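Visitor: The structure under discussion is supplied below as structure tokens; questions concerning it will follow.
Residue numbers (the working numbering): 491 to 775.
And the structure:
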């Protein structure tokens with residue numbers, strides 16, 4: 491966004507500068523990921539939680555940090571040791587170098603690179619790219635959301651009847667979505683919560699929710715995008731999204747177009763998720 495005052499030179503808004511940095515970092519990450527073969531990459535288990543990690547995760551993490559971080563900013567990433575000095579920073583990068591590592595390892599094109607700028611606890615700008623499908627989502631509250639370079643908006647659908655709802659592939663496999671199987675909406679299992687949130691932001695789906703706890707890096711960029719696109723995001727049971735907390739684990743959440751909020755709130759009020767091993771319990775209303 492450029493602003494011109496009198497005969498002064500055009501100046502870049504803070505949001506534009508942040509989005510340019512995000513866009514460049516994502517482009518560099520795509521180049522790094524092109525060196526790896528999704529579906530054939532070797533994966534290890536993290537000692538901390540037994541989740542999958544690959545050299546691609548680590549390589550993208552290094553690239554993102556190189557192109558994003560400045561001295562006055564904090565850093566929170568799934569693939570970096572957490573430095574709690576970030577809590578003293580007004581602006582913090584919250585990133586997931588490869589969200590959906592399970593799908594990446596399996597060769598399923600439902601994984602993404604996720605980058606958010608958090609300011610004062612709010613995700614003010616975000617970018618998500620899926621190199622496998624050549625999709626990129628960029629946005630901020632002031633500028634809105636662009637999907638592959640074109641302006642996009644959250645869905646204006648006002649009923650769950652026939653709505654496209656993106657489900658957590660893992661939660662569906664675990665049986666957590668059994669009570670939703672016979673509802674009137676169209677349920678589409680998909681990997682990468684960041685990618686699902688980005689698709690909701692761009693109006694490519696009407697809603698998504700996850701009943702499992704998530705870490706900040708999983709959802710920060712997606713939350714920024716949904717809110718920038720005029721959509722609604724709410725952590726369960728009923729709290730607004732905040733980031734750069736000392737404890738990074740967050741409860742489940744839902745995201746949707748603005749007209750579906752009440753219906754989804756009512757639907758999820760009656761949904762009880764038994765926590766998976768290693769996942770903190772989630773309170774429901």
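C-beta atoms are modelled at their ideal positions from N, C-alpha and C, and glycine is treated no differently. Quick caveat: nothing in here was measured; it's all calculated off a predicted structure.
Among the candidates 722, 630, 677, 609, whose CA atom is the shortest distance from the CA of residue 581?
Guide: The candidate whose alpha carbon is nearest that of residue 581 is 609.
Visitor: Distance, Cα to Cα, residue 508 vs residue 736?
Guide: Approximately 24 Å, taken between the alpha carbons.
Visitor: Let me check understanding here. Comparing Cα to Cα, which of 542, 579, 612 lies closest to residue 706?
Guide: If we check each option's Cα against that of residue 706, 612 comes out closest.
Visitor: Give the straight-line distance between the Cα atoms of residue 577 and residue 583, rounded to the nearest whole angstrom.
Guide: Rounded to the nearest angstrom, the two C-alpha atoms are 12 Å apart.
Visitor: Mind checking which residues open and close the beta strand (DSSP E) that includes residue 586?
Guide: 581-589 is the span of the beta strand (DSSP E), which, as asked, contains residue 586.
Visitor: Curious, which full-length alpha helix (DSSP H) runs of at least 4 residues does the segment 600-678 contain?
Guide: Within the segment 600-678, the complete alpha helix (DSSP H) runs of at least 4 residues are 659-664.
Visitor: Please return the same chain residues whose Cβ sits closer than 8 Å to the Cβ of residue 671, not counting the five positions on each side in sequence.
Guide: Within the same chain, residue 671 has close Cβ partners 677.
Visitor: So, is residue 647 buried or exposed, given that buried needs 16 or more other C-beta atoms within 10 angstroms?
Guide: The residue in question, residue 647, is buried, as its Cβ has 16 or more Cβ neighbours within 10 Å.
Visitor: Report the rounded CA-to-CA distance for residue 724 versus residue 536, giving the unit in angstroms.
Guide: Roughly 30 Å separates the two Cα atoms.
Visitor: Could you check where the alpha helix (DSSP H) with residue 683 kicks off and where it finishes?
Guide: It spans 683-691 - the alpha helix (DSSP H) in which residue 683 sits, taken as one unbroken run.
Visitor: Keeping to the same chain, check which residues put their C-beta closer than 7 Å to that of residue 510; ignore five residues upstream and five downstream.
Guide: Cβ within range, chain order: n/a, list empty.
Visitor: Buried or exposed, going by whether 16 or more other CB atoms sit within 10 Å of the CB of residue 734?
Guide: Looking at its Cβ environment, which holds 16 or more other Cβ atoms inside 10 Å, residue 734 is buried.
Visitor: Rounded C-beta distance between residue 700 and residue 658? I'm assuming under 8 Å.
Guide: Their Cβ separation, rounded to whole angstroms, is 5 Å, which keeps residue 700 and residue 658 in contact under 8 Å.
Visitor: Residue 511 lies in the alpha helix (DSSP H); which residues open and close that run?
Guide: Here the alpha helix (DSSP H) through residue 511 covers 504-523.
Visitor: Taking C-beta to C-beta, are residue 531 and residue 549 nearer than 7 Å?
Guide: No.
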